Amino acid sequence: MTSNFLSLLEDKIRSHCVCYLIEKCIEENGRKLNLSRSKMKTIPPALDSCSFLSKLSLDGNSLSSASITSLQSLKFLRYLTLNDNELNEFPEELCELKFVEFLNIGGNPIGRLPESIDKLKNLITLWCNDMLLEFLPEAIGRLRKLRTFGARANQLTALPKSFGELKRLRWLSLENNRIDTLPESFGELFKLTHLNLTRNQFDGIPTTVFMLKRLKFCSFAENLIENVSEIVLAGLQYIPTLLLGGNPMIASESTGNLKQVHFKFDILNEMVSEDWNFSLPNSELNLVDSSDEDTFEEPYEMELPQQARFCLAA
87 MTSNFLSLLE DKIRSHCVCY LIEKCIEENG RKLNLSRSKM KTIPPALDSC
137 SFLSKLSLDG NSLSSASITS LQSLKFLRYL TLNDNELNEF PEELCELKFV
187 EFLNIGGNPI GRLPESIDKL KNLITLWCND MLLEFLPEAI GRLRKLRTFG
237 ARANQLTALP KSFGELKRLR WLSLENNRID TLPESFGELF KLTHLNLTRN
287 QFDGIPTTVF MLKRLKFCSF AENLIENVSE IVLAGLQYIP TLLLGGNPMI
337 ASESTGNLKQ VHFKFDILNE MVSEDWNFSL PNSELNLVDS SDEDTFEEPY
387 EMELPQQARF CLAA
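With our numbering applied, the sequence shown corresponds to residues 87 to 400, in that order.
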């Protein structure tokens, strides 16, 4: 009984803290609001009045898709985190947030992205990790400002033909899917520097990868690659880090005499799973993609008179 009472009391205090932070944001015409891990199931109606918000963090709650449709009223949002909630679909209303540059919706059981996602024309970073995506819409190729895209741990089997239209893309993480081929247009991602295709279904390295001359990191680790010719390896020696560990590779001259080729990487490195490129949880991605100037923390601690006012009002 005591345990239940303390749990209810904690939820009550947390709810009052959320109300306080929202009211403070309204009074000060605030631009940043952090409501992460607040155990919210719905969005407080007062949030609609935070009309100057540019950064809103809602990750780690229990929000449903229906509960966040009101966010479309926050017209000036540029940064929005909704990862690790209970969204079962991508609300079309989010596509009305035309100024959003950073969006993290990972860790939700969302099965598809809407075709209307191309309305988010200012999107620079999009994280869709740990979801239920089976395909990506052709419309994603119209996100012309996109530089960072992650969709690891989904059920993707292919990429849309339009993917090569993402000319500004620099960082791509598609680890742990079912992809076995890349579209021809993939070779047009000339600015790509980071490519993570670990734990997919490739039986060889696609020829389109050879066109990506700015690559600094490339992983085809833990796929189905049985053999890589010396010609292929020589064609990829411009990549500082190339990981092929965990593949059922047959011992051959190409893999047995790597030292003679003078590569800068360990092509049979088995420790790829410990690399930071593969292990960042969704919540930490929000920090990585925020510059020092843009990071923010809104404290739950309040002065006692303010706390008392909210508790008594309830």
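Even for Gly, the Cβ is constructed at its ideal location relative to N, Cα and C.
Note that the structure is predicted; figures quoted are calculated from it, not measured.
Going straight from the alpha carbon of residue i to that of residue j, what length do you get?
i: arginine 198; j: leucine 180; result: 14 Å
i: leucine 166; j: threonine 234; result: 15 Å
i: arginine 300; j: threonine 279; result: 5 Å
i: serine 101; j: cysteine 111; result: 16 Å
i: leucine 371; j: asparagine 120; result: 15 Å
i: leucine 373; j: asparagine 215; result: 15 Å
i: isoleucine 317; j: leucine 183; result: 48 Å
i: isoleucine 108; j: threonine 88; result: 30 Å
i: leucine 258; j: alanine 237; result: 8 Å
i: glutamate 220; j: threonine 243; result: 7 Å
i: arginine 228; j: asparagine 90; result: 50 Å
i: glycine 116; j: leucine 212; result: 24 Å
i: glycine 290; j: phenylalanine 296; result: 13 Å
i: cysteine 105; j: alanine 132; result: 8 Å
i: glycine 250; j: glutamate 201; result: 17 Å
i: proline 130; j: phenylalanine 176; result: 20 Å
i: leucine 218; j: glutamine 287; result: 17 Å
i: isoleucine 203; j: threonine 155; result: 15 Å
i: isoleucine 196; j: asparagine 263; result: 15 Å
i: leucine 329; j: lysine 277; result: 20 Å
i: glutamate 270; j: isoleucine 226; result: 16 Å
i: cysteine 103; j: lysine 207; result: 34 Å
i: aspartate 266; j: proline 292; result: 9 Å
i: serine 315; j: lysine 118; result: 53 Å
Does any C-beta atom of chain D lie closer than 9 Å to the C-beta of residue i?
i: serine 159; result: Structure shown: chain D not included; a single protein chain is present.
Throw me the rounded Cβ distance for the residue i and residue j pair, which I believe falls under 8 Å.
i: glutamate 261; j: asparagine 282; result: 5 Å
i: phenylalanine 303; j: threonine 284; result: Phenylalanine 303 to threonine 284, Cβ: 11 Å. No contact.
i: lysine 205; j: arginine 230; result: The pair is not a contact, with the Cβ atoms about 13 Å apart (cut-off 8 Å).
i: proline 334; j: leucine 298; result: Incorrect: roughly 25 Å between the Cβ atoms, too far for contact.
i: leucine 275; j: leucine 255; result: 5 Å
i: isoleucine 210; j: glutamate 187; result: 5 Å
Cα-Cα, which of the options is closest to residue i?
i: glycine 321; options: Leu310, Thr294 and Ala237; result: Thr294
i: asparagine 368; options: Asn171, Arg228, Ala132 and Lys231; result: Asn171
i: phenylalanine 185; options: Cys105, Leu232, Ile154 and Arg100; result: Leu232
i: isoleucine 325; options: Ser271, Ser305, Pro334 and Leu229; result: Ser305
i: lysine 141; options: Asn190, Ala152, Thr155 and Pro130; result: Asn190
i: glycine 273; options: Lys205, Gln287 and Ser248; result: Ser248
i: asparagine 174; options: Ala152, Leu329 and Val104; result: Ala152
i: glutamate 308; options: Leu319, Gln287, Gly332 and Leu298; result: Gly332
i: asparagine 194; options: Asn240, Asn208, Glu224 and Leu319; result: Asn240
i: proline 223; options: Leu245, Met217, Asn208 and Leu209; result: Leu245
i: asparagine 169; options: Cys103, Asn208, Ile265 and Ser143; result: Ser143
i: leucine 366; options: Glu114, Gly192 and Gln158; result: Gly192
CB of residue i to nearest heavy atom of the ligand FMN: below 8 Å?
i: tyrosine 324; result: This structure lacks the ligand FMN, and indeed carries no ligand of any kind.
Does the segment 132 to 148 come close enough to the segment 157 to 166 to have 3 or more Cβ pairs within less than 8 Å? Taking 8 Å as the limit for Cβ pairs, the verdict is that the segment 157 to 166 does touch the segment 132 to 148.
Would you say the segment 116 to 126 touches the segment 144 to 152, given that touching needs at least three Cβ pairs under 8 Å? The segment 144 to 152 and the segment 116 to 126 touch, with three or more beta-carbon pairs separated by less than 8 Å.
At what residue ranges does the segment 173 to 253 contain a whole run of the beta strand (DSSP E), taking only runs of 3 or more? Runs found: 188 to 190, 211 to 213 and 234 to 236.
Mind pulling the beta strand (DSSP E) runs of 3 or more residues that sit fully within the segment 93 to 158? Listed in chain order, the complete beta strand (DSSP E) runs (minimum 3 residues) inside the segment 93 to 158 are 118 to 120 and 141 to 143.
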